[in-house]
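Report on the structure given below.
In the working numbering, the protein residues as written are 1090 to 1524.
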């Protein structure tokens, strides 16, 4: 399993570096207003994906080893098409009946890009989920790496060769990366399964929806906790301020790659085991590694002076350092949240994640409307951190109640560091990489 974690971590680190390079290109060649528009486009695509994930989300990971790929894939494709058509008409309704809401949530002229990216992104993520469900971590990592490198390459071509320095250039790079990754994922699935049985697909779809409904409500609330402030910043302060906040969010939340890398493999592992004691001990150990590594990374961002950030991103992004400082505790909480969430989902208990996100969303609603008008993007950062921390506190309480875990078990010990060092040695220097 460690080989898979290391491989996934390497992939996520590369993704973080690519995202940092893209952030540098956007801030220096497109500007804060353009970054604000891009942030809204990606948020809207993410919201559409939340609905799609009801049938084509993490439930596919859970059921991939339990059902034929055909029973999962065809309903997922049909649902993806239906949801994108539905959102097209929702956008038309907002444009004609609620123009203020429309202009707040959708950057001018971005509607076709949002629908198009949502469609291709959904196909790509569906294929990713099925690969992860079959624990084809190495294949997933290869395709994901290809995706992020294509996005960066196409973006560089637009900026330096085509001299196209606008939001459309970045959107085109996403089209290229998502499309190729979706195709590669599809071909990988063809090789993955010898049987494409479609019998009783309706019953399978009902099971996926029952599992996915709770998970997706939790995910909707989770995205609300993380991104609801975007719309308020756009409404009260405009795209340039949203661009500065987006830069701070991308820098700090980029550190989630540590928790994401570990939790992806954790979820795939727990989805294929029924040993609850093993799941508990694995989660505790992975939590220690995740939080410690995330803390070290956060410390680096906090130590760097604001002059460094304005030098990297231009003076238009003055004010990003306070956002980073205020978001730092929240990023630590997000790291823990990734491990807890995948523990509960991996054991088929997504309702815990739902209620934890309800708690977080309550804090978001209370604080966002009071802090953002008063303190601007710093208020948004404070809202996010409090929301993330409250979510993790709830998850910890439930985990402790169900497993009987003692507080001292969470404290790092010398043996944990020795185990971690030994596992890294095995992952890098012994045997061939995992599949």
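All residues carry an ideal CB built from backbone N, CA and C; glycine is no exception.
Query	Result
The region 1218-1234 in contact with the region 1149-1160 per 3-pair CB rule at 8 Å	yes
Cβ contact (3+ pairs, closer than 8 Å) linking the region 1257-1268 and the region 1238-1246	yes
Straight-line Cα distance separating residue 1488 from residue 1516	In this prediction, residue 1516 scores a pLDDT of 47, lower than 50, which makes its location untrustworthy; the coordinate-derived value is nonetheless stated afterwards. Approximately 29 Å, taken between the alpha carbons.
Among 1142, 1457 and 1507, the one whose alpha carbon lies nearest that of residue 1299	1142
Own chain residues within Cβ distance below 7 Å of residue 1340, not counting five before or after	1390 and 1413
Extent of the continuous alpha helix (DSSP H) to which residue 1155 belongs	Where residue 1155 is concerned, there is no enclosing alpha helix (DSSP H), given that its DSSP letter is neither H nor E.
Start and end residues, alpha helix (DSSP H) containing residue 1142	1121-1145
Contact set for residue 1305: own chain, Cβ-Cβ below 8 Å, skip 5 residues either direction	1139, 1140, 1142, 1143 and 1146
Nearest-angstrom Cα separation, counted from residue 1387 out to residue 1105	14 Å
As assigned by DSSP and simplified to three states, the class of residue 1376	helix
Buried versus exposed call for residue 1506 [16 or more other C-beta atoms within 10 Å across all chains shown]	exposed
Reduced DSSP secondary structure (H/G/I, E/B, other) of residue 1494	coil
Pairwise C-alpha distance: residue 1165 and residue 1297	10 Å
Under the three-state DSSP convention, the category residue 1430 falls into	helix
Classification of residue 1504 by the beta-carbon crowding that lies within 10 angstroms, buried from 16 upward	exposed
Every unbroken alpha helix (DSSP H) within the region 1243-1293, with a cutoff of 4 residues, ordered by chain	1256-1281
Rounded distance between the beta-carbons of residue 1318 and residue 1472, thought under 8 Å	6 Å
Distance, residue 1438 Cα to residue 1167 Cα	27 Å
C-alpha distance - residue 1136 paired with residue 1180, whole-angstrom precision	13 Å
Cutoff 6 Å; reference residue 1239; Cβ partners in own chain excluding five residues on either side	1265, 1266 and 1269
Cβ distance (whole Å) where residue 1474 is taken to contact residue 1418 below 8 Å	5 Å
Distance CB(residue 1485)-CB(residue 1425) smaller than 9 Å	yes
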